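Protein chains in written order, with the numbering used here: chain A, 49 to 349; chain B, 6 to 173.
Built from N, CA and C at the ideal position, the CB exists for glycine as well.
Quick caveat, the model's predicted, so the values are computed rather than measured.
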Amino acid sequence: MIRRSPRRSWLPLVLFIVGLLILVFHEAGYLSPVENALHYVFDPLQRVTSGLVRSTGDMFHTVREVRELRAELETLRSRVDTLTAENIRLQEYEAEVQQLRSLLNFVSDYPISAFVGADVVGREACDQFPCGDVVGADPNPYLRYVTINVGAQQGVEKGMPVVSGGAMLAGRVVQVGPRTAQVQLLSDGDSAVASLLKLSRVTGLVVGQPDGTLRMEYIPQDEEVNEGDIVLTSGLGGVLPKGLIVGQVTEVQQMDYELFQAAVLRPALDFSRLETLLVITDFEPVPTDEATPEPPMPESE
Amino acid sequence: MNLYLTVPLLTLIAVFQSVLFSQLGFQDAHVELMVMVVLTWSFVRGMEAGAVWAFIGGLLIDLFSGGPLGGTSLALLVVAFLGGLQWGRSLGPTFIRLIIVTALGFLAYHIILLLVLAWTGRPVSWGFSLSRVILPGVLLNGLFAPLFHRLMVWLDRRIRRQGLNLSL
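Printed below as a string of structure tokens:
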């Protein structure tokens, strides 16, 4: 028999009001110190559980040949990714050279894609930049974040770009714990990346859609966009490096009565199969409110 | 004292949802471990016991999420409210009521979650959410509801036998 006291009957309502207040204070940024402290406690648990789950999963893959084939497949896939990235990067250089030649007295010593070489997914890259394994996906089905197992102790900071499979942009670090970090993927509905088409150099904004797809918006109406065009980061705004691969145009959406045209993109990465990511730590983003939000601290009396 | 049992249990559930269950599912729907636990616990123990689990469990889920802290708690409190209500006693046997409560609770949970996301300025697609997440989710989680219910009944009996309490 469950005993109910008059005090208890208000409990759900009280908890609802407290939850509402927490939500408001979180949005105002007042709870950041508390959240950071809680991450110190809970993140190791997530890391350990992830390791256990992964180890348990590995036990099922006991057939040696299957394992070997899988490893070989992964190696080949990785090589294809690397070569694809290298190929696109070389084409990017070619396009840039053509542009530079057409401009008299134009000198640029800006090293495009300087730190996203084809070897960034290799072991050497992990020595230079922190590589993180994905340890958790977002429990909220409407958000596209992943947790990686590198954090402040490895030099990761908020706003740093995260890549995978060569020079393919996965997203940006949005929250950093001591040994974990949360990465907002390109496909998140709240993500927006300044981008350009590789060949025509037309700029636009690649935004994540609620269904996890990518869409390039704000492309001027008079510009020509073709299916199959490669989309790269433009570097505009200074929050991401220039030249990272974002995706490929699969559909052009053009309406005569609209100011801009848009394009649906096929992401360069399969965001549901991310395993190891690379955080670019030597890129210094231009500080903006979006990149480095500083929570307002309550003034002490 | 009671929280020493409740918090670790709900923490484990939140961790497993983040590490394992968020990656298993049908279309974009997943087995929502915390929702099902809160829902069936409220169904077995009543609204007040479920509300405590909803509040703590929601905060833990939000800690492992990039979403707004407190949003999942609000959504789960509504689930606890629906799961713990004494309505529908005349609807038929426990199994039928459980399925109806699961469908309603799951629907309410996602509507509140989407409203919170919209309110905090995140883009929301109602059509996509309904067709790819909520409706497949109702079916998927409805299948597992009897299993969770049996687990919660077992836990409830065990707790009562040992004189423990998992509420505040």
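Taking every protein chain shown into account, the CB of residue 268 of chain A has fewer than 16 other CB atoms within 10 angstroms, so this residue is exposed. Neighbourhood of residue 70 of chain A in chain B, by CB distance below 8 Å: 64, 74, 75, 78, in chain order. For the segment 116 to 127 of chain B, the residues whose beta carbon sits under 9 Å from a beta carbon of chain A are, in order, 118, 119, 121, 122, 124, 125, 126, 127. Excluding five sequence positions before and after residue 149 of chain B, the CB atoms of its chain that fall closer than 8 Å to its own CB belong to 36, 41, given in chain order. Between the segment 76 to 95 of chain A and the segment 223 to 230 of chain A there are three or more inter-stretch CB-CB distances shorter than 8 Å, so the stretches are counted as touching. In this structure residue 306 of chain A is exposed. Its beta-carbon is surrounded by fewer than 16 other beta-carbon atoms within 10 angstroms. For a cut-off of 8 Å, the C-beta gap from residue 33 of chain B to residue 106 of chain B is around 23 Å, too long to register as a contact.
Residue 15 of chain B places its beta carbon 8 Å or farther from that of residue 51 of chain B.
For residue 53 of chain B, the enclosing alpha helix (DSSP H) covers residues 52 to 68. Residue-level contact by beta carbon fails for residue 153 of chain B and chain A, as no gap is shorter than 8 Å.
At a beta-carbon threshold of 7 Å, the residues of chain A lying near residue 52 of chain B are 60, ordered along the chain.
Identification of residues in the segment 18 to 29 of chain B having a C-beta nearer than 9 Å to some C-beta of chain A yields 19, 20, 21, 22, 23, 24, 25, 26, 27, 28, given in sequence order. Judged by DSSP in its simplified three-state form, residue 81 of chain A adopts helix. Contact between the segment 189 to 198 of chain A and the segment 268 to 284 of chain A is not established, with fewer than three Cβ pairs separated by less than 8 Å. The continuous alpha helix (DSSP H) containing residue 157 of chain B extends over residues 140 to 167.
In chain order, 33, 130, 133, 137 make up the part of chain B whose C-beta sits under 8 Å from the C-beta of residue 259 of chain A.
Secondary-structure assignment with DSSP links residue 35 of chain B through a beta bridge to B:30. Counting every other CB atom within 10 Å of its CB across the protein chains shown gives residue 123 of chain B a total below 16, marking it as exposed. Counted as a single uninterrupted DSSP element, the beta strand (DSSP E) harbouring residue 309 of chain A occupies residues 308 to 315. Residue 263 of chain A places its beta carbon less than 8 Å from that of residue 313 of chain A.
Secondary structure note for residue 200 of chain A: it is in no alpha helix (DSSP H), with a DSSP letter that is neither H nor E.
The beta-carbon of residue 86 of chain B is placed less than 8 Å from the nearest beta-carbon of chain A. Here DSSP, grouped into helix, strand and coil, assigns residue 268 of chain A to strand.
The shortest CA-to-CA distance from residue 81 of chain B to any of B:27, B:136, B:29, B:53 is the one to B:53.
Listed along the chain, the chain A residues whose CB falls inside 8 Å of the CB of residue 71 of chain B are 186, 188, 191, 193, 222, 223, 230, 232, 236. Along the segment 75 to 107 of chain A, the positions whose C-beta sits under 8 Å from a C-beta of chain B are 75, 79, 83, 86, 87, 90, 93, 94, 97, 98, 101, read in chain order. In the three-state scheme derived from DSSP, where H, G and I count as helix and E and B as strand, residue 127 of chain B is classed as coil.
The Cβ-Cβ distance between residue 113 of chain B and residue 65 of chain B does not fall below 8 Å.
Per the coordinates, the alpha-carbon of residue 136 of chain B lies some 45 Å from the alpha-carbon of residue 142 of chain A. The count of Cβ pairs closer than 8 Å, one atom from the segment 225 to 236 of chain A and one from the segment 115 to 126 of chain A, stays below three, leaving the stretches out of contact.
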